[in-house]
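Quick note, in my numbering, the sequence shown goes up one by one and the last residue is 115. Ideal placement from N, C-alpha and C gives every residue a C-beta, glycine not left out.
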Amino acid sequence: VQLQASGGGLVQAGGALRPSCAASGSTFSFNAMGWYRQVPGKQRDMVATITRGGITSYADSAKGRFTISRDKNTVLLQMNSLKPEDTAVYYCAALGHVFTNYDYWGQGTLVTVSS
């Protein structure tokens with residue numbers, strides 16, 4: 001499975017972005033799909049996940065501002081009311097293949113929020 005993330009960019013605080021992740025196979029072949037983010041020098045943190053059954057989970061920092069959604073081949077992350085501290089590289093992940101339990105990661109897309 002290959003994951004191609006896009007849709008990052010530069011936005012002012014209070015603005016919105018909607019990164020998209022295109023999967024080469026079905027996202028429903030995985031137990032969950034997710035978005036993670038990483039700032040240089042820090043660990044990669046979960047932002048949002050969505051299970052095969054559609055159950056979503058969000059980091060406290062994302063609750064009320066971000067929304068994850070999926071269809072057969074795409075995972076979206078709608079990000080509203082962006083803050084400078086949201087600046088990071090955002091990675092798409094396919095978590096737990098139903099047969100192998102492998103995880104797959106995309107290449108990341110940079111989101112920069114200016115104050």
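Looking only at C-alpha atoms, which of the options sits nearest to residue i?
i: tyrosine 58; options: Thr87, Phe99, Leu77 and Thr112; result: Leu77
i: lysine 63; options: Ser114, Asp71 and Asn80; result: Asn80
i: isoleucine 50; options: Phe66, Pro40, Lys42 and Arg44; result: Phe66
i: cysteine 92; options: Glu85, Val98, Asp86 and Arg37; result: Arg37
i: tryptophan 105; options: Gly34, Val111 and Gly7; result: Gly34
i: alanine 22; options: Ser114, Val111, Val113 and Gln107; result: Gln107
i: serine 26; options: Ala48, Ala94, Gly15 and Ser115; result: Ala94
i: lysine 83; options: Gln2, Gly7 and Gly15; result: Gly15
i: glycine 53; options: Gly41, Ser69, Phe99 and Ser115; result: Ser69
i: threonine 109; options: Asp103, Asp45 and Gly7; result: Gly7
i: threonine 85; options: Asp103, Lys72, Val11 and Arg18; result: Per the sequence shown, residue 85 should be read as glutamate rather than threonine. That would be Val11, whose Cα lies nearest to the Cα of glutamate 85.
i: valine 111; options: Gln2, Gly9, Val1 and Leu3; result: Gly9
With a cut-off of 8 Å on the beta carbons, I'd call residue i and residue j a contact; round off their distance for me.
i: serine 20; j: threonine 74; result: 6 Å
i: valine 113; j: alanine 5; result: With 8 Å as the limit, valine 113 and alanine 5 do not qualify as a contact, their Cβ atoms being about 17 Å apart.
i: glycine 96; j: alanine 32; result: 6 Å
DSSP puts residue i in a beta bridge; with which residues?
i: phenylalanine 30; result: His97
i: glutamine 38; result: Val89
i: alanine 23; result: Leu3
i: glutamine 43; result: In DSSP, glutamine 43 forms no bridge with anything.
i: tyrosine 104; result: Ala94
i: arginine 70; result: Val75
i: isoleucine 50; result: Met33 and Thr56
i: leucine 82; result: The partner list for leucine 82 (beta bridge, DSSP) is empty, contrary to what the question assumes.
i: serine 114; result: Gln12
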